[in-house]
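What follows is a single structure, written as structure tokens, with notes after it.
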Amino acid sequence: MWDLHLENGYDIRVLGQDHREAVARLSESCRDYFLLHFGRPPIPSDIDGIYEDLPPGKGYEDKFLLGVFAEEGRLAGLVELIRDYKEAGSWALGMMLLGPAERGRGLGRAIHSTLAKKTRTLGADRLRIVVAHDNLKGQAFWKAMGYEKTEHKCMMIGGKNHEVDIMRLPLTVESE
Ligand SMILES: CC(C)(COP(=O)(O)OP(=O)(O)OC[C@H]1O[C@@H](n2cnc3c(N)ncnc32)[C@H](O)[C@@H]1OP(=O)(O)O)[C@@H](O)C(=O)NCCC(=O)NCCS
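Numbers in the working numbering are just positions in the sequence shown, counted from 1, shifted up by 2.
In structure tokens:
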């Protein structure tokens, strides 16, 4: 189901347990993300969380943890998708994380476009993301992808209180 090839040569595939060390290395390279959201660098239990955390009411059959691989096989980033959260047809992008050297070159847009297309073929009619207010670059990215804020709330992320926006994108041919 998840073996997607991007035009820039990157591939999206399921992240297995055999990628744990690569996920730990990627997380370490993304200290900025962990400092911003958790107030500290990544720790081993964060890697468990990436593999095991589920939103309320969902099971592993609805969680898809995907790796973004460069042509030579290096793990360049990861994306978590949750099917039908919180309503049928609404898929959540739980986490999208690219290594610092991969950012700002159009890879995020290419991944998003491919996943929008793929999730639509799997029954999604909209995508949902939660973005922290202080993640200004993340906010800019989701807005550029066409997401609109539909809710604002306070939420604990990694033991730190955040103001977050819930943003949604209706899936159409244009959003691909
Ligand atoms: C957010 C993230 C996935 C975006 O991927 P990316 O490859 O850097 O984004 P792209 O280069 O494809 O940018 C796409 C658009 O987003 C916007 N954008 C991306 N990064 C931006 C930044 N730092 N500042 C302003 N706008 C930005 C631009 O408008 C860009 O438009 P363009 O295509 O016309 O140039 C990536 O930067 C990342 O992993 N960041 C750290 C983790 C994170 O914050 N994830 C989101 C959590 S909610």
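Glycine is no exception: its CB is placed at the ideal position from the N, C-alpha and C atoms.
Counterpart residues of Phe66 in DSSP-defined beta bridges: According to the DSSP secondary-structure assignment, Phe66 is paired through a beta bridge with Leu83.
8 Å Cβ cutoff met for Asp64 and Asp86: Contact flag set, yes.
Report the CB separation of Ile49 from Arg22 in whole angstroms; it is logged as a contact under 8 Å. About 6 Å; that satisfies the 8 Å criterion.
Assuming Leu17 contacts Leu67 under a Cβ cut-off of 8 Å, what Cβ separation, rounded to an integer in Å, is found between them? 5 Å between Cβ atoms; contact.
Of all the options Ile159, Gly160, Arg111, Ser47, which has the alpha carbon lying nearest to the alpha carbon of Trp144? Closest option to Trp144, Cα to Cα, is Arg111.
Assigned secondary structure, Leu95 (DSSP; H/G/I helix, E/B strand, else coil): Shown here, Leu95 sits in a strand according to DSSP, grouped into three states.
I'd like to check one pair, Val132 with Val175: are the Cβ atoms closer than 8 Å? No, they are not a contact pair.
Contacts around Gly11, its chain only, beta-carbon distance under 8 Å, and the 5 residues preceding and following it disregarded: Contacts found: Ala72, Glu73.
Let me check one thing: in DSSP terms, what residues is Pro172 bridge-paired to? Answer is Arg128.
To which residues does DSSP link Lys155 through a beta bridge? According to the DSSP secondary-structure assignment, Lys155 is paired through a beta bridge with Val166.
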